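A.B. asks: Residue numbers (numbering that gives the first Met the number 0): 0 to 270.
We put the beta carbon where it would ideally sit given N, CA and C, even for glycine.
Since the model is a prediction, treat every value here as computed from it, not as a measurement.
A single structure is presented below for examination.
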Amino acid sequence: MNLIKQDGKIKYGRLIGASLGPGDPELITRRAWAVLQSGARWLYPVKKAEESSYALAIAERGGLAVPADAEALVFPMTRDPEILDKAWARAAVRTIELLAEGRDLVFLVEGDASTFATFGHLARVVRQLVPEVEVETIPGVSSFAAAAAATGTILAEEDETLAVIPAAYGVEFIDHLIDEFDTLVLLKVKPMIDETVELLERRGLVATSCFVEKVGAPGERIVCDVASLKGEKVNYLSLMIVQNPQRARGELRRGCRKRVERKQVAAAETA
Ligand SMILES: C[S@@+](CC[C@H](N)C(=O)[O-])C[C@H]1O[C@@H](n2cnc3c(N)ncnc32)[C@H](O)[C@@H]1O
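As structure tokens, this is what we get:
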């Protein structure tokens, strides 16, 4: 390993999390695009060694050639804490080894790097081990922002409420949140499709729900007749947007609208 030293101390490169959006390379921000071409070394996540990377494919579809020294980090899809701990430790140690060469690293992230993304955890572990490593997070378009746009859904306006949760919390929890939020975004909905659709049928919300798979990527699928999904095996990269137009709203304690109303009343009084 080639270590760059300054005053006898290792000079680490910066760790940059580049959000690439959910699939359409047109949604890569200018900042992420620039960093990908800055000479920083690319790191990208895969579920298994030698497997393709969804994040890397977004950059490739955008027309960028994958640098010869780009490297995959393996993040297995399991809940087994032992396997996960080992994989995380391996990924963090390798990241630190590369940062110690003094070159910046750009970690390719699907969607937004601050939203249910591997990057947050990787950056935290790296910083725990080497606090002086500088981390930059480049924000990006999340899957649900793109899914809302693709389905023509307004996620929230005025004083409406919005929640984004992994569907794995279960239908009882989702049932409860339907009463609390005007719009619910259910991520990681794959193993929960049948139960979720049955709940939406019971609650009369099938007509105001949409399912979106691989938004912006080849194979994108939008299904707004969600009842037709029952019994289907869907892709991991899928989500549901559920809207409850009947939600009973509480009183707003303080809101922008009230202030505007007061200003208008004052203006009317002085007129
Ligand atoms: C680990 S989270 C990643 C979220 C991502 N960082 C973001 O900003 O959207 C994975 C979940 O996000 C959703 N997701 C990510 N990419 C998607 C896509 N292209 N189309 C639909 N859903 C997607 C799915 O619910 C998937 O199970």
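Tell me the DSSP secondary structure of residue 70 in three-state form.
C.D. replies: If you number the sequence shown from 1, residue 70 lands on position 71. Strand, per DSSP.
A.B. asks: Who are residue 136's beta bridge partners in DSSP?
C.D. replies: Taking the first residue of the sequence shown as 1, we reach residue 136 at position 137. Note: residue 136 sits in a beta bridge opposite 16.
A.B. asks: Quick check: residue 43 and residue 71, are their CB atoms within less than 7 Å of each other?
C.D. replies: In the sequence shown, residue 43 corresponds to position 44, counting from 1. In the sequence shown, residue 71 corresponds to position 72, counting from 1. A contact, by the Cβ cut-off of 7 Å.
A.B. asks: Note down, one range per segment and in chain order, each alpha helix (DSSP H) of at least 4 residues found wholly within the segment 154-181.
C.D. replies: DSSP runs (the alpha helix (DSSP H)) wholly in the segment 154-181: 170-179.
A.B. asks: What residue from 253, 176, 220 and 190 has the CA that sits closest to residue 241's CA?
C.D. replies: For this step, residue 241 is matched to residue 242 along the sequence shown. Taking only the C-alpha atoms, the option nearest residue 241 is 176.
A.B. asks: Residue 105 bridges to which residues according to DSSP?
C.D. replies: Position 106 of the sequence shown, counted from the first residue, corresponds to residue 105. According to DSSP, residue 105 bridges with 15 and 41.
A.B. asks: So the candidates are 17, 10, 9 and 5; which of them puts its Cα closest to the Cα of residue 135?
C.D. replies: In the sequence shown, the residue the question calls residue 135 occupies position 136. Comparing Cα-Cα distances from residue 135 to each of 17, 10, 9 and 5, the minimum goes to 17.
A.B. asks: Going by C-alpha distance, which of 9, 239, 202 and 216 is nearest residue 96?
C.D. replies: Stepping through the sequence shown from its first residue, residue 96 is reached at position 97. Of the listed residues, the one whose Cα sits closest to residue 96 is 9.
A.B. asks: Looking at ligand 1, does it come within less than 6 Å of residue 238, judged from the CB to the closest heavy atom?
C.D. replies: Mapped onto the sequence shown, residue 238 falls at position 239. For ligand 1, at least one heavy atom lies less than 6 Å from the Cβ of residue 238.
A.B. asks: Let me confirm a value: residue 180 is counted as buried when at least 16 other C-beta atoms fall within 10 Å, else exposed. Which label applies?
C.D. replies: As a first step, residue 180 must be located in the sequence shown, where it is residue number 181. Buried, by the Cβ-count rule.
A.B. asks: Would you report the Cα separation of residue 192 and residue 110, rounded to the nearest angstrom?
C.D. replies: The residue you call residue 192 lines up with position 193 of the sequence shown. The residue you call residue 110 lines up with position 111 of the sequence shown. Using only the alpha carbons, I get a separation of about 22 Å.
A.B. asks: Looking at the unbroken beta strand (DSSP E) that takes in residue 221, where does it start and where does it end?
C.D. replies: The residue labelled residue 221 in the question sits at position 222 within the sequence shown. Residue 221 -> beta strand (DSSP E) spans 220-222.
A.B. asks: The beta strand (DSSP E) spanning residue 240 covers which residue range?
C.D. replies: Here residue 240 corresponds to residue number 241 of the sequence shown, with the count starting at 1. That run of the beta strand (DSSP E) goes 237-242.
A.B. asks: Helix, strand or coil: how does DSSP classify residue 229 here?
C.D. replies: Start at 1 with the first residue of the sequence shown, and residue 229 comes out as number 230. Coil.
A.B. asks: Where does the unbroken beta strand (DSSP E) through residue 211 begin, and where does it stop?
C.D. replies: Sequence index remark: in the sequence shown, residue 211 carries index 212 (1-based). Per DSSP, residue 211 belongs to the beta strand (DSSP E) from 208-212.
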